[in-house]
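Engineer: Residue numbers (this note's numbering), protein chains in the order written: chain A, 2 to 351; chain B, 2 to 351.
2 protein chains.
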Amino acid sequence: MSQYWSKLVHNLDPYVPGEQPKDQRYIKLNTNECPYPPSPNALAAIHAAADERLRLYPDPNADELKDAIADYYNVQRANIFVGNGSDEVLAHVFQGLLKHDAPLLYPDISYSFYPVYANLYQINAQQIPLREDFRVCLGDYAVDNGGIIFPNPNAPTSMALGLDAIEALLQTHAESVVVVDEAYVDFGAQTAIPLIDKYPNLLVVQTFSKSRSLAGLRVGFAVGHPDLITALERVKNSFNSYPLGRMAIAGAAAAMRDKAYFEDTCQKIIATREMTVQSLTEMGFSVLPSAANFVFARPPAGNAESLYLALKQRGVLVRYFNKPRINEYLRITIGTDEEMAAFLSVLAEL
Amino acid sequence: MSQYWSKLVHNLDPYVPGEQPKDQRYIKLNTNECPYPPSPNALAAIHAAADERLRLYPDPNADELKDAIADYYNVQRANIFVGNGSDEVLAHVFQGLLKHDAPLLYPDISYSFYPVYANLYQINAQQIPLREDFRVCLGDYAVDNGGIIFPNPNAPTSMALGLDAIEALLQTHAESVVVVDEAYVDFGAQTAIPLIDKYPNLLVVQTFSKSRSLAGLRVGFAVGHPDLITALERVKNSFNSYPLGRMAIAGAAAAMRDKAYFEDTCQKIIATREMTVQSLTEMGFSVLPSAANFVFARPPAGNAESLYLALKQRGVLVRYFNKPRINEYLRITIGTDEEMAAFLSVLAEL
Chain A
2 MSQYWSKLVH NLDPYVPGEQ PKDQRYIKLN TNECPYPPSP NALAAIHAAA
52 DERLRLYPDP NADELKDAIA DYYNVQRANI FVGNGSDEVL AHVFQGLLKH
102 DAPLLYPDIS YSFYPVYANL YQINAQQIPL REDFRVCLGD YAVDNGGIIF
152 PNPNAPTSMA LGLDAIEALL QTHAESVVVV DEAYVDFGAQ TAIPLIDKYP
202 NLLVVQTFSK SRSLAGLRVG FAVGHPDLIT ALERVKNSFN SYPLGRMAIA
252 GAAAAMRDKA YFEDTCQKII ATREMTVQSL TEMGFSVLPS AANFVFARPP
302 AGNAESLYLA LKQRGVLVRY FNKPRINEYL RITIGTDEEM AAFLSVLAEL
Chain B
2 MSQYWSKLVH NLDPYVPGEQ PKDQRYIKLN TNECPYPPSP NALAAIHAAA
52 DERLRLYPDP NADELKDAIA DYYNVQRANI FVGNGSDEVL AHVFQGLLKH
102 DAPLLYPDIS YSFYPVYANL YQINAQQIPL REDFRVCLGD YAVDNGGIIF
152 PNPNAPTSMA LGLDAIEALL QTHAESVVVV DEAYVDFGAQ TAIPLIDKYP
202 NLLVVQTFSK SRSLAGLRVG FAVGHPDLIT ALERVKNSFN SYPLGRMAIA
252 GAAAAMRDKA YFEDTCQKII ATREMTVQSL TEMGFSVLPS AANFVFARPP
302 AGNAESLYLA LKQRGVLVRY FNKPRINEYL RITIGTDEEM AAFLSVLAEL
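(1) Give a yes or no on whether 8 Å exceeds the smallest Cβ distance from Gln268 (chain A) to chain B.
(2) Output the boundary residues of the beta strand (DSSP E) element that contains Val180 (chain A).
(3) Note down, in chain order, every chain A residue with its Cβ under 7 Å from the Cβ of Phe263 (chain B).
(4) Going by other Cβ atoms of all chains shown within 10 Å of its Cβ, with 16 needed for buried, is Leu55 (chain B) buried or exposed?
(5) On the three-state DSSP scale, how would you describe Ala166 (chain A)?
(6) Measuring only between beta-carbons, confirm whether Arg247 (chain B) sits less than 8 Å from chain A.
(7) To the nearest whole angstrom, what separates the beta carbons of Val236 (chain A) and Tyr27 (chain A), a pair I think is in contact under 8 Å?
(8) According to DSSP, Lys29 (chain A) sits in a beta bridge with which residue or residues?
(9) Using only CA atoms, which one of B:His174, B:His226, B:Leu131 lies nearest to Val144 (chain B)?
(10) Indicate whether at least one CB of chain B lies closer than 8 Å to the CB of Ala51 (chain A).
(11) In chain A, what lies closer than 7 Å to Arg320 (chain B) by C-beta?
(12) Taking all protein chains shown into account, do 16 or more other C-beta atoms lie within 10 angstroms of the C-beta of Ala272 (chain B), making it buried, or fewer, making it exposed?
(13) Using only CA atoms, which one of B:Ser210, B:Glu275, B:Pro325 lies nearest to Glu89 (chain B)?
(14) At a cut of 8 Å, does the stretch 146–156 of chain A reach the stretch 168–182 of chain A through at least three beta carbon pairs?
(15) Between His101 (chain B) and chain A, is there a C-beta pair that is closer than 8 Å?
(16) For the beta strand (DSSP E) containing Phe82 (chain A), list its first residue and its last residue.
(17) DSSP state of Ser352 (chain B), grouped into three classes?
(18) Tell me, to the nearest whole angstrom, how far the beta carbon of Trp6 (chain B) is from that of Leu98 (chain A); I am working on the premise that it is less than 8 Å.
(19) Show which residues of chain B have a CB atom less than 8 Å away from the CB atom of Tyr16 (chain A).
(20) Can you list the beta strand (DSSP E) stretches of 3 or more residues lying completely in the stretch 250–308 of chain B, in chain order?
(21) For Ile150 (chain B), which three-state DSSP category applies?
(22) From the DSSP output, in three-state form, read off Leu233 (chain A) for me.
(23) Give, in chain order, every unbroken run of the alpha helix (DSSP H) that is at least 4 residues long and sits entirely within the stretch 61–134 of chain B.
(24) Tell me, please, whether the CB atom of Ser214 (chain A) is closer than 8 Å to any CB atom in chain B?
(25) Assuming Ile333 (chain B) is part of the alpha helix (DSSP H), what are its boundary residues?
(26) What residues of chain B sit near Pro61 (chain A), judged by a beta carbon separation below 9 Å?
(27) Tell me, to the nearest whole angstrom, how far the beta carbon of Asp72 (chain A) is from that of Ile250 (chain A); I am working on the premise that it is less than 8 Å.
(28) Between which residues of its own chain and Gly132 (chain B) is the CB-CB distance below 7 Å, once the five residues before and five after are set aside?
(29) Taking a contact to mean a Cβ-Cβ separation below 8 Å, would you say Val76 (chain B) touches Ile197 (chain B) in this structure?
(30) For Pro301 (chain B), which residues in the same chain have their Cβ closer than 6 Å to its Cβ, ignoring the five residues on either side in sequence?
(31) Could you confirm whether any beta carbon from chain A is found closer than 8 Å to the beta carbon of Arg332 (chain B)?
(32) Compare the C-beta of Glu34 (chain A) against all C-beta atoms of chain B and say whether one is closer than 8 Å.
(33) Report buried or exposed for Lys199 (chain B), applying the criterion of at least 16 other Cβ atoms within 10 angstroms of its Cβ.
(34) Can you tell me where the beta strand (DSSP E) holding Ala343 (chain A) begins and where it ends?
(35) Restricting to Cα atoms, I'd like to know which of B:Thr32, B:Gln21, B:Asn80, B:Val179 is closest to Pro227 (chain B).
(36) Quick one: Cα of Asn294 (chain B) to Cα of Ile270 (chain B), how far?
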């Protein structure tokens with residue numbers, strides 16, 4: 002608290018990321034990172050870019066990266082916006098596309114950064130409750146609004162909507178922007194990117210931090226109609242001309258081009274997830290149907306918090322949210338087969 | 002223009018960075034980059050960080066980097082804020098510390114991103130004219146205000162204020178934040194960082210893009226009282242938990258620790274600048290007294306724009322601002338001795 006702060010700062014309620022402890026080595030199943038290394042091509046591109054040219058500014062438009070993403074999704078460069086992690090992309094989306102007189106809508110149980118952005122940009126927002134079974138029901142969003150954003154799959158519930166449900170929403174909702182936050186889409190859901198040509202108010206946001214194993218590089222992107230992208234570029238160019246460094250551009254572009262490695266990584270995680278779900282179910286956990294690289298599971302006794310603490314004490318980090326409706330659940334990131342076997346064996350002991 | 006844009010977006014007037022042409026090789030004296038490569042220690046640290054750990058998020062607090070900066074300037078970690086280039090740091094400063102009812106003050110001829118930020122965050126701002134001789138006169142800022150920001154040395158004029166003038170301002174001005182933007186301070190001006198213990202409203206902003214040859218890595222920082230830093234952390238943690246990737250943290254920390262390399266680089270640039278100023282003066286240019294890694298020079302005939310174009314045609318890029326009062330000047334970055342000799346020889350031909 003200080004007389005020097007802008008008024009806004011006093012009322013901020015910042016996001017709290019998952020723990021990144023430095024005191025000891027944990028089996029880290031708490032921040033939805035990928036257990037597999039990045040594509041060797043991405044690492045090679047990063048090393049190749051890490052030379053004396055770092056004295057020079059990067060390409061402010063990151064065209065190499067935009068082109069790699071556009072090629073992958075068979076869209077145009079003008080459909081792509083890139084940023085310093087999907088969190089930065091989402092921040093610009095909130096400021097540039099989701100601030101209107103009518104309320105912005107998002108699920109009450111969802112990515113907990115949404116209310117933080119709404120507060121930062123003083124956006125009128127309204128939370129739409131998930132159904133009793135934790136489903137996002139897009140029919141519930143048919144109210145006057147200045148924008149809609151939801152993750153697909155949702156977090157921390159891990160449950161996905163089908164493209165048919167998303168297209169049904171778009172068909173009846175042309176008046177404001179619909180943002181589909183696809184951070185986890187590659188682990189079992191369908192991307193809405195093919196719909197952007199048909200719906201100029203659809204924006205899809207993705208990240209390199211999960212399925213492309215590059216959380217430490219900080220790259221995210223958005224795909225949509227060029228009018229939406231132009232708004233984001235205008236905000237970005239009023240904030241930071243060069244959000245992506247030379248290595249971020251080169252590394253992310255190479256990762257995007259290595260389709261085979263990416264698909265292999267996703268398949269391994271999906272296989273490990275199915276094994277984990279089966280084991281947890283056999284141990285009496287209720288596990289929500291997951292299309293993500295994590296599962297959301299209720300222990301048989303509902304004692305999620307004490308179980309979180311006991312796991313931590315035994316060197317396994319998972320994520321616990323002390324919030325209404327979800328405080329009997331744990332969010333467990335899918336690691337390697339070995340990590341999950343170790344986790345399950347600690348769990349069995351407990 | 003689109004119905005989907007937030008109202009704000011329609012009125013943005015984004016910053017335009019210096020050209021980064023890809024069509025041919027230029028002698029690039031237009032974006033104030035350092036002509037020398039980064040410290041070998043920085044490159045080594047970047048390569049060491051570019052491995053499979055990139056799958057993991059970086060330290061959201063970038064403590065390694067904060068500690069390296071704190072050590073260098075003999076302050077505490079709590080005095081340091083770091084961000085994705087000093088442009089991002091400045092953006093958070095504008096939003097978190099400089100938005101008040103009374104107007105924010107900055108020089109009329111200065112870093113042209115300031116009015117862009119003021120517009121982005123809808124900050125009431127007032128430009129204070131430079132004196133006839135292009136000096137910033139801090140006495141002119143003794144009016145009711147909600148904050149003051151100025152670069153030292155100023156850009157694009159290259160002229161520096163002494164610490165005595167800055168301390169005189171601080172002594173009579175405790176009621177709002179004073180930001181000294183020291184992007185170019187290492188080339189001949191004095192940093193105000195030693196004053197932060199005495200003046201809790203002083204914030205100093207610096208960058209790794211100029212004197213530390215890391216424009217392509219994207220790292221900047223601010224130094225000030227912990228209360229000011231807390232405001233910036235609150236904004237940052239409402240915007241992006243992880244603005245700096247693993248390589249940015251490791252590379253910038255190593256660069257900061259390599260004091261000898263840094264000092265050698267600065268000395269070489271200063272020597273080349275003095276040689277350049279002498280040659281330009283002999284050719285009839287009026288050159289403002291520079292404490293930066295660039296000079297601001299008026300050609301004898303005042304034909305700056307046509308000279309800019311002619312230089313570009315001959316493969317030399319400098320920066321021309323088509324703005325009142327400075328449209329007869331060129332901003333010329335100091336390159337290597339060889340680059341400046343080539344520039345001067347093209348100039349002599351013209």
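Beta carbons are placed, not taken as given, at the ideal position from N, Cα and C, and that holds for glycine.
Just so it is clear, the structure is predicted and the values come from calculations on it, not from any experiment.
Structural biologist: From the atom records:
(1) Indexing the first sequence from 1 puts residue 268 (chain A) at position 267. Not one chain B Cβ lies under 8 Å of Gln268 (chain A).
(2) By one-based count along the first sequence, residue 180 (chain A) stands at place 179. Its beta strand (DSSP E) spans residues 179–182.
(3) In the second sequence, counting from the first residue as 1, residue 263 (chain B) sits at position 262. Chain A residues near Phe263 (chain B): none, gap ~13 Å exceeds 7 Å.
(4) For this step, residue 55 (chain B) is matched to residue 54 along the second sequence. Leu55 (chain B) comes out buried.
(5) The residue you call residue 166 (chain A) lines up with position 165 of the first sequence. For Ala166 (chain A), the three-state secondary structure derived from DSSP is helix.
(6) Locating residue 247 (chain B) in the second sequence gives position 246, where the first residue counts as 1. So yes, Arg247 (chain B) belongs to the interface.
(7) Residue mapping note: residue 236 (chain A) aligns to position 235 of the first sequence, counting from 1. Residue mapping note: residue 27 (chain A) aligns to position 26 of the first sequence, counting from 1. Between Tyr27 (chain A) and Val236 (chain A) the Cβ distance is about 37 Å, and since that is not below 8 Å, they are no contact.
(8) Stepping through the first sequence from its first residue, residue 29 (chain A) is reached at position 28. Looking at the DSSP assignment, Lys29 (chain A) forms a beta bridge with A:Leu318.
(9) Residue mapping note: residue 144 (chain B) aligns to position 143 of the second sequence, counting from 1. With distances taken between Cα atoms, Val144 (chain B) lies closest to B:His174.
(10) As a working mapping, residue 51 (chain A) is identified with position 50 in the first sequence. Yes - at least one Cβ of chain B is within 8 Å of the one on Ala51 (chain A).
(11) For this step, residue 320 (chain B) is matched to residue 319 along the second sequence. Against chain A, a Cβ distance below 7 Å from Arg320 (chain B) picks out nothing, because the smallest value is about 13 Å.
(12) Taking the second sequence and counting its residues from 1, the one referred to as residue 272 (chain B) is at position 271. Exposed, by the Cβ-count rule.
(13) Numbered from its first residue, the second sequence carries residue 89 (chain B) at position 88. Nearest Cα to Glu89 (chain B) within the set B:Ser210, B:Glu275, B:Pro325: B:Ser210.
(14) Yes, the stretch 146–156 of chain A touches the stretch 168–182 of chain A.
(15) Here residue 101 (chain B) refers to the residue found at position 100 of the second sequence. Chain A, which has a Cβ nearer than 8 Å to the Cβ of His101 (chain B), makes this yes.
(16) In the first sequence, counting from the first residue as 1, residue 82 (chain A) sits at position 81. Where Phe82 (chain A) is concerned, the enclosing beta strand (DSSP E) stretches over 81–84.
(17) Lying before the first or after the last residue shown, residue 352 (chain B) is absent from chain B, which here runs from 2 to 351.
(18) As a first step, residue 6 (chain B) must be located in the second sequence, where it is residue number 5. As a first step, residue 98 (chain A) must be located in the first sequence, where it is residue number 97. The C-beta separation of Trp6 (chain B) from Leu98 (chain A) comes to about 7 Å, placing the pair in contact by the 8 Å criterion.
(19) One-based indexing of the first sequence puts residue 16 (chain A) at position 15. Near Tyr16 (chain A) (Cβ distances below 8 Å), the residues of chain B are Asn238, Ser239, Ser242.
(20) Complete beta strand (DSSP E) runs here, min 3: 295–299.
(21) Position 149 of the second sequence, counting from 1, holds the residue named residue 150 (chain B). In the structure shown, Ile150 (chain B) sits in a strand (DSSP, three-state: E or B).
(22) The residue you call residue 233 (chain A) lines up with position 232 of the first sequence. Under the three-state reduction of DSSP output, Leu233 (chain A) falls in the helix class.
(23) Within the stretch 61–134 of chain B, the complete alpha helix (DSSP H) runs of at least 4 residues are 64–74, 86–98, 115–121.
(24) Within the first sequence, numbered from 1, the residue matching residue 214 (chain A) stands at position 213. Answer yes: the Cβ-Cβ gap between Ser214 (chain A) and chain B drops below 8 Å somewhere.
(25) The sequence position of residue 333 (chain B) within the second sequence is 332, counting from 1. It is not in any alpha helix (DSSP H) - Ile333 (chain B) instead sits in the beta strand (DSSP E) that spans 331–334.
(26) As a first step, residue 61 (chain A) must be located in the first sequence, where it is residue number 60. Pro18, Gln21, listed in chain order.
(27) Residue 72 (chain A) sits at position 71 when you count from the first residue of the first sequence. Residue 250 (chain A) sits at position 249 when you count from the first residue of the first sequence. With a Cβ gap of about 15 Å, Asp72 (chain A) and Ile250 (chain A) do not count as contacting.
(28) The residue labelled residue 132 (chain B) in the question sits at position 131 within the second sequence. Checking the sequence shown, residue 132 (chain B) turns out to be Arg, not Gly. The answer, listed in chain order, is Cys138.
(29) Against the second sequence, residue 76 (chain B) aligns to sequence position 75. Against the second sequence, residue 197 (chain B) aligns to sequence position 196. For Val76 (chain B) and Ile197 (chain B), yes; Cβs fall inside 8 Å.
(30) Here residue 301 (chain B) is taken as the residue at index 300 of the second sequence, counted from 1. Excluding the 5 residues flanking it on each side, Pro301 (chain B) has same chain C-beta neighbours closer than 6 Å at Gly285, in chain order.
(31) Start at 1 with the first residue of the second sequence, and residue 332 (chain B) comes out as number 331. The beta carbon of Arg332 (chain B) sits no closer than 8 Å to any beta carbon of chain A.
(32) Along the first sequence, read from residue 1 onward, the residue named residue 34 (chain A) stands at position 33. For Glu34 (chain A), the nearest CB of chain B lies under 8 Å from its own CB, placing it at the interface with that chain.
(33) Here residue 199 (chain B) refers to the residue found at position 198 when the second sequence is read from its first residue. Counting other Cβ atoms within 10 Å of its Cβ, Lys199 (chain B) stays below 16 and is therefore classed as exposed.
(34) Locating residue 343 (chain A) in the first sequence gives position 342, where the first residue counts as 1. It is not in any beta strand (DSSP E) - Ala343 (chain A) instead sits in the alpha helix (DSSP H) that spans 338–350.
(35) Walking along the second sequence from the start, residue 227 (chain B) turns up at place 226. Ranked by Cα distance from Pro227 (chain B), the options B:Thr32, B:Gln21, B:Asn80, B:Val179 are led by B:Asn80.
(36) Locating residue 294 (chain B) in the second sequence gives position 293, where the first residue counts as 1. Locating residue 270 (chain B) in the second sequence gives position 269, where the first residue counts as 1. Between Asn294 (chain B) and Ile270 (chain B), the C-alpha separation is close to 7 Å.
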